[in-house]
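Each residue of the sequence shown is one higher than the last, beginning at 75 in my numbering. Below is one structure, written out as structure tokens, with a few remarks after it.
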Amino acid sequence: MTNELIKAFNLIKEKQWVDLTHTFGPDSPHFSAFDSAEFQTLFNHNDGFFAQSFKFAGQYGTHLDAPIHFVQNTRYLDELGLKELVLPLVVIDRSKEAAENNDFTLSVEDILTFEAEYGAIEEGSFVALRTDWSKRWPNIEAFENKDTNGNNRAPGWSLDALKFLFTERKIKAVGHETFDTDSAIDFQRNGTLLGEHYVLEQDTYQVELLANLDKVPAKGSVIFNIVPKPEKASGFPVRSFAILP
Numbered sequence: 075m076t077n078e079l080i081k082a083f084n085l086i087k088e089k090q091w092v093d094l095t096h097t098f099g100p101d102s103p104h105f106s107a108f109d110s111a112e113f114q115t116l117f118n119h120n121d122g123f124f125a126q127s128f129k130f131a132g133q134y135g136t137h138l139d140a141p142i143h144f145v146q147n148t149r150y151l152d153e154l155g156l157k158e159l160v161l162p163l164v165v166i167d168r169s170k171e172a173a174e175n176n177d178f179t180l181s182v183e184d185i186l187t188f189e190a191e192y193g194a195i196e197e198g199s200f201v202a203l204r205t206d207w208s209k210r211w212p213n214i215e216a217f218e219n220k221d222t223n224g225n226n227r228a229p230g231w232s233l234d235a236l237k238f239l240f241t242e243r244k245i246k247a248v249g250h251e252t253f254d255t256d257s258a259i260d261f262q263r264n265g266t267l268l269g270e271h272y273v274l275e276q277d278t279y280q281v282e283l284l285a286n287l288d289k290v291p292a293k294g295s296v297i298f299n300i301v302p303k304p305e306k307a308s309g310f311p312v313r314s315f316a317i318l319p
């Protein structure tokens, strides 16, 4: 007789699975302070097997930031629990607004507008901000979107919106399609990433450079953030995917 777990697994297999992760390499967009990734062949099939060496910053490609990335005396990547990495997924779509205004910054009002249509965001959710910025991948120039002064122009979360989600809605984690949590204009105004620091200060994680959020409904999906377990790491490339309802 099939047990309940296998029944659930068989049901999940019938659902649509969406990869939320960019393929990355040495030529992929990345945070400007980091060197480009280096992929090196150590052995090839003439040696009997194919093996490679990979060198890149932990925050490279679609990646997961652990609390320690910005906040001292908090958890490293390997200390995150498995059940923290699998969460109900909520996607707030503001792609139209971001296309019209590259400095778009998600507000509390935007969240309330979303909830008026889809209902309140449930406690324990992973909330992703869809801006369709990921469609610029892998064009580095388009992704950085620099203005005439050399400053990036990219959308993001406001600090007030993040505080509302974590304190009022008690969400678990967030994700977005850009390099940073904060919009570029907020970073330039504040001189620091207040939103990113706030998120990681909640002793939780975030996922950056997500892809394919346009293929996921506003509610009802589950996100899996499958990440390696390097010792004492501040972050690492992640394989994020969603299972649709």
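For glycine and all other residues, C-beta sits at the position ideal for the given N, C-alpha and C. Predicted model, so just to flag it, every value in this text is computed and none were measured.
C-alpha gap between Phe-108 and Ser-181, whole angstroms: 30 Å
Residues that Phe-298 bridges to, as DSSP identifies them: Val-160 and Phe-315
Rounded distance between the beta-carbons of Gly-309 and Asp-139, thought under 8 Å: 5 Å
C-beta atoms of Lys-321 and Gly-198 nearer than 8 Å: Since the first residue of the chain shown is 75 and the last is 319, residue 321 is not available in this structure.
Gln-280 classed as buried or exposed, judged by whether at least 16 other C-beta atoms fall within 10 angstroms: buried
Reference Ser-257; option with closest CA among Phe-113, Lys-237, Glu-282 and Trp-231: Trp-231
Inter-residue Cα distance where the pair is Val-312 and Asn-84: 25 Å
Which listed residue (Phe-200, Pro-141, Thr-187 and Glu-191) has its alpha carbon closest to that of Leu-159: Phe-200
Nearest candidate by alpha-carbon position, reference Phe-130, set Phe-105, Asp-184 and His-119: Phe-105
Sequence-distant residues of the same chain with beta carbon closer than 7 Å to Gln-276, five excluded per side: Phe-240
Continuous beta strand (DSSP E) stretch holding Lys-129: start and end: Annotation: the continuous beta strand (DSSP E) that includes Lys-129 extends over 125-129.
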